[in-house]
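The block underneath contains the structure these notes are about, expressed in C-alpha cells.
In the working numbering, the protein residues as written are 20 to 600.
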C-alpha cells in the first residue's frame, strides 16, 4: 500500500474541519468532535512527514479554534489545563519549522497567557504561571517585530508596483497607438493554461495566511498588555516568591515602564487622525490601559508601597482618561461596567489586605494604616460602582441588549453584597443622619426590596436578591425564553448559577434579619425548598456547592456564613456519594 502524501492528510483533515465549522454554531459537540478529528489526522500526517509546515500549521490552528470557543470546552478530551499544554506544544512545533511565522508567534503567546491565567488561581503553580507569562511577553515582542517587518515590506512592494505602473503609463503615452495586439500562439496559450491549472492545484493545498495589517499589530499590543495585567496580579502579598522578586528586582516598575512605552510611543499610542486604526479602536485600547493600571495599582498596594487613598485615586485616574479622551457619544455600558468592576476589585483587595494585616510583616517599611479611614474609602468606591452600573443600565446600547442588562443586574447584586460586608465597619454609624443623607445606607430608588425589615442591612440583602432575579429575567429574554417557571433541567449553566446565587442571598437574609437564629435547620429546609422550586435533581447539588464556594472566594459572603453553607451542601453531597467540587 502506497504511503499517503501530505496532501492526502491535508484533504482528509480539511473535510473534518469543514464539518466542524458547519456544526460550530448549531451543535457544539459535533463541532468540537470535527476539529478534534482534524487534529488526529494532522498528527498522524506529521508522524510520516514531520517537516511539513502546512500540516503543522493547520493542526495548531485547529487547537486554537477549540480553546477560543467557550462552547467547545465541555467536550475537551482532557482537562482544560492539559489541553492548553497540548495547544502550546502544537504551536511550538510550528515555530521550530519556521520561527518567524507572525500569527503563530501570536497564537503561542495567547495559549501561554491562557494557561498562566488558569494556573494563577493555584498558589502552588504561581511560579510556573510567571515563567509562562515571561515567555509569552518575549513571543509578543518577536511577533511585533515580525509584523512591523512584514508591513514595511508590503508597503515597499506597493510603492514599487505604483512606480512601475507610472513608468509604463509614461512609456505607453509616448508610443504609437496600436489597435491590434500580437496574436497569442497556440503553444503560448497552452503553456498559460497549464500554468493556470498548476496554480489552481497549488492553491487548493496551500495554507493561506492573511497579509499583516496595523490592526494585527494592535491585537498583539493588546495581548501583551493583557499578559502584563495578569502578571501584576501574581505579585501577591502572601506569596514569598513574589515579595522576594519585588525586593530583588523592581519588576513592577519594569512592567509600568514597558506598558508606558507601548501606550505612549508604541503600537497602542492612539493617534489623532480620524481614520487611524488606533483612533477607531480607542475605547478598546483605553479600557485595556485602565485594566492594566488598576492591576498595577493593586500590586503596589499589596506590596504596601502605597496607601488606600492613593490606590483609589489611581483607579479614578485610569478611567478619567477614557472619559476625557473619548467623546461621550462613543462611550458604552462596557466602559462603565469595567469601571465598576475595577472599583469592586479595589474593595476586595483592600478587605483582603486588612484581614491579613496582623499576620503580614513586609520586608520594607509599611505606610501608616488609619483604621477609621480605609472603610470609608472602600464604601465610597462601592457606592460609586453602584451608581455607575445604574447609569450603564440606562444607556441606549445596553437598554436594548438583554445580555448586557443581565450582566449589569448580576454586577449590581454583587455590589450590594460587597456593601453588606463593608457595612460591618460602620456598626456604630448606621443610624447617623449624614450617612443616610449621603446615600450610604439608603436603598436604590425603584428597587422592589426598598423598605424591607432589617434596616440598612435588610435593604442591601433585599436589593441583591432583586438584582439576581432581574439578571435571570434578562438572560431569559436574551434566549427568547417565555416560560415563567424556573426549571433546572432546561436552564443553561449561566442561568443555573444565577438561580443558586439568588438562593444563597435568601439564606443570607435569614442570617441578617434573624441574626442567625436557627440558621442550620433553615439552610437544610431552604435547600430542599430550592430543589423543589426549580425541579433540581440530586446531581444539581454539585453545582450548588461550586457556586457557594465561588461566592466565598469572590468575597461576596461573610466567611463564617460561606463556610457553614458550603459545609452543609457538601454533607448533602456526601450522603449521595457524589464528588464534592
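Yeah, the Cβ is synthetic: ideal placement off N, Cα and C, and Gly gets one too.
Inter-residue Cα distance where the pair is residue i and residue j
i           : j           : result
residue 86  : residue 129 : 10 Å
residue 364 : residue 551 : 35 Å
residue 428 : residue 73  : 47 Å
residue 153 : residue 187 : 51 Å
residue 231 : residue 164 : 12 Å
residue 337 : residue 170 : 32 Å
residue 308 : residue 285 : 13 Å
residue 272 : residue 278 : 10 Å
residue 463 : residue 432 : Unreliable placement is indicated for residue 463, whose pLDDT of 44 sits below 50; the coordinate value is still reported in the next sentence. Their backbone Cα atoms lie some 12 Å apart in a straight line.
residue 576 : residue 142 : 22 Å
residue 27  : residue 39  : 19 Å
residue 10  : residue 191 : Since the first residue of the chain shown is 20 and the last is 600, residue 10 is not available in this structure.
residue 102 : residue 78  : 13 Å
residue 530 : residue 396 : 26 Å
residue 412 : residue 354 : 12 Å
residue 601 : residue 155 : Given that the chain is displayed from residue 20 to residue 600, the structure contains no residue 601 and the question cannot be resolved.
residue 443 : residue 485 : 22 Å
residue 460 : residue 289 : Confidence at residue 460 is low in this model, with a pLDDT of 46, below 50, so its placement is unreliable and the value that follows should be read with caution. For residue 460 and residue 289, the distance between alpha carbons rounds to 41 Å.
residue 50  : residue 400 : 44 Å
residue 574 : residue 173 : 52 Å
residue 323 : residue 65  : 52 Å
residue 162 : residue 586 : 49 Å
residue 560 : residue 591 : 8 Å
residue 76  : residue 414 : 44 Å
residue 243 : residue 89  : 22 Å
residue 404 : residue 416 : 19 Å
residue 181 : residue 168 : 20 Å
residue 100 : residue 84  : 16 Å
residue 370 : residue 394 : 9 Å
residue 556 : residue 506 : 11 Å
residue 328 : residue 122 : 42 Å
residue 517 : residue 496 : 14 Å
residue 514 : residue 564 : 16 Å
residue 374 : residue 436 : 17 Å
residue 588 : residue 366 : 28 Å
residue 356 : residue 408 : 6 Å
residue 543 : residue 583 : 11 Å
residue 520 : residue 362 : 21 Å
residue 233 : residue 578 : 49 Å
Buried or exposed (CB count within 10 angstroms, at least 16 for buried), residue i
i           : result
residue 280 : exposed
residue 523 : buried
residue 314 : buried
residue 398 : buried
residue 468 : The predicted model places residue 468 with a pLDDT of 42, which falls under 50 and marks its position as unreliable; any figure quoted below should be read in that light. Classification for residue 468: buried.
residue 570 : buried
residue 580 : buried
residue 150 : exposed
residue 508 : exposed
residue 368 : buried
residue 115 : exposed
residue 438 : buried
residue 511 : exposed
residue 44  : exposed
residue 352 : buried
residue 499 : exposed
residue 392 : exposed
residue 248 : buried
residue 312 : buried
residue 236 : buried
residue 145 : buried
is_contact[residue i, chain B] using C-beta, thresh 9 Å
i          : result
residue 48 : The structure shown has no chain B; it contains just one protein chain.
Exercise for the section: Taking only runs that begin and end inside the stretch 95-136, name each unbroken alpha helix (DSSP H) of 4 or more residues, in chain order. Expected result: Runs of the alpha helix (DSSP H) inside the stretch 95-136: 99-116.
Problem - Sufficient close CB pairs (3 or more, under 8 Å) joining the stretch 306-318 to the stretch 237-256 - result: yes
Practice task
Evaluate the contact criterion for the stretch 30-41 versus the stretch 60-72: three or more CB pairs, one atom per stretch, below 8 Å.
Solution key: yes
Problem - Every unbroken alpha helix (DSSP H) within the stretch 479-563, with a cutoff of 4 residues, ordered by chain - result: The qualifying runs are 512-532, 538-552.
Problem - Stretch pair the stretch 417-432 + the stretch 491-500: three plus CB contacts closer than 8 Å - result: yes
Exercise for the section: Would you check if the stretch 134-151 and the stretch 86-96 touch, i.e. whether three or more CB-CB distances between them fall below 8 Å? Expected result: no
Practice task
Identify every run of the alpha helix (DSSP H) within the stretch 38-86, keeping only runs that are complete inside it and at least 4 residues long; order them along the chain.
Solution key: If only complete runs of 4 or more residues are kept, the stretch 38-86 shows the alpha helix (DSSP H) at 47-67, 72-86, in order along the chain.
Exercise for the section: Inspect the CB distances between the stretch 323-339 and the stretch 293-300 and report whether three or more fall short of 8 Å. Expected result: no
Exercise for the section: At 4 residues or longer, and completely inside the stretch 299-383: list those alpha helix (DSSP H) runs for me, N to C. Expected result: 301-321, 327-344, 352-374
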